[in-house]
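Just below is one structure, and these are the notes that go with it.
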Amino acid sequence: MSPVKRPKTAAERRQRAGKILQYLDEKFPDVTCALHHKDAWQLLVATILSAQCTDERVNQVTPGLFRKYPTMRDFAAVKQEELAQDIRSTGFFNNKAKSINGAAKKLLKDFRGQVPANMDDLLTVPGAARKTANVVLGTAFGIPSGVVVDTHVSRVAYRLDLTKETNPVKIEQDLMKTIPQERWILFAHQVIHFGRQICIARKPKCLVCGLNPICYAKDKVTA
Ligand code: SF4
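The working numbering applies: residue 3 is where the sequence shown begins, and numbers increase by one.
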């Protein structure tokens, strides 16, 4: 039996979510997106590159990439095969090159070369599913359109019983119900840092985790 009393009512669940937010604020007060970028277009490219790749690797690749292709038009004009070689070290490079090339063409054709600042339009851009769109809207425009759900947010939300889902879209819906909208952007950044440093995938550092008293994850490390 779990040693931790689970919240039963909506009020208790809200109170518990408040404790989680308070801990994240104390531990990660100033965190933001780790992907280096100068504008919304560069962030979109970096976010597409970050799929199945570390932010560190992406940050190694993007300075040279943006030197070689300084504008969106350069990305639209390059042959996909050449772009794929430029981003090879980020993995899945053929698909990513297709997405970036397609995104540049789409933005130039339909959005006057601007990254749109709304979810509906962003979702029409090649390579931009909800996670990517949430990263761009949240970090580049400060718009809380949803909660970024990556591998860290998925794992931590599940362990902390903020969701019972495994599908990222459903996880996001659960988080949007529990976490206040004004916290969506920061919450995702905080949880990503928390997931990288403390609630790591294998052997989470539960003994030093401030959420231990209110966590009833099955894979919690107790010694
Ligand atoms: S107690 Fe362990 S499993 Fe639970 S949130 Fe903390 S690090 Fe993650």
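For every residue, glycine included, the Cβ atom is placed at its ideal position computed from N, Cα and C.
#### Entry: Residue from Phe30, Ile202, Arg114, Lys172 with nearest C-alpha to Arg75
Arg114
### Query
Is the CB-CB distance between Lys133 and Val150 below 7 angstroms?
yes
### Query
Quick one: is the Cβ of Cys55 within less than 6 angstroms of any heavy atom of the ligand SF4?
no
### Query
Do the region 12-28 and the region 105-114 make contact, defined as three or more Cβ pairs closer than 8 angstroms?
no
#### Entry: Integer-rounded CB distance, given that Thr141 should sit under 8 angstroms from Cys35
For Cys35 against Thr141, the beta-carbon gap comes to about 4 angstroms, under 8 angstroms, which counts as contact.
### Query
Where does the unbroken alpha helix (DSSP H) through Thr56 begin, and where does it stop?
Per DSSP, Thr56 belongs to no alpha helix (DSSP H) and is neither H nor E.
### Query
From Leu110 to Gly66, what distance separates their C-alpha atoms?
22 angstroms
### Message
Please report the distance separating the alpha-carbon of Val117 from that of Asp163.
### Response
35 angstroms
### Query
Residue ranges of each alpha helix (DSSP H) run of no fewer than 4 residues wholly in the region 89-115, ordered along the chain?
95-112
### Query
Between Met121 and Ser147, is the Cβ-Cβ spacing less than 7 angstroms?
yes
### Task
Please classify Met3: does DSSP put it in a helix, a strand, or coil?
Interpretation of Met3 is limited by its pLDDT of 45, a score under 50 that renders its predicted location unreliable; the figure taken from the coordinates is listed afterwards. Three-state DSSP puts Met3 in coil, outside helix and strand.
### Query
Buried or exposed: Lys179, going by 16 or more other Cβ atoms within 10 Å of its Cβ?
The residue is exposed, with fewer than 16 neighbouring Cβ atoms inside 10 Å.
### Query
How long is the line joining the alpha carbons of Pro72 and Gln44, rounded to whole angstroms?
Spanning the two alpha carbons is a distance of roughly 10 angstroms.
### Query
Quick one: what does DSSP say Leu164 is sitting in, helix, strand or coil?
Note: Leu164 maps to coil in three-state DSSP.
### Query
With DSSP run on the structure shown, which of helix, strand or coil describes Ala131?
coil
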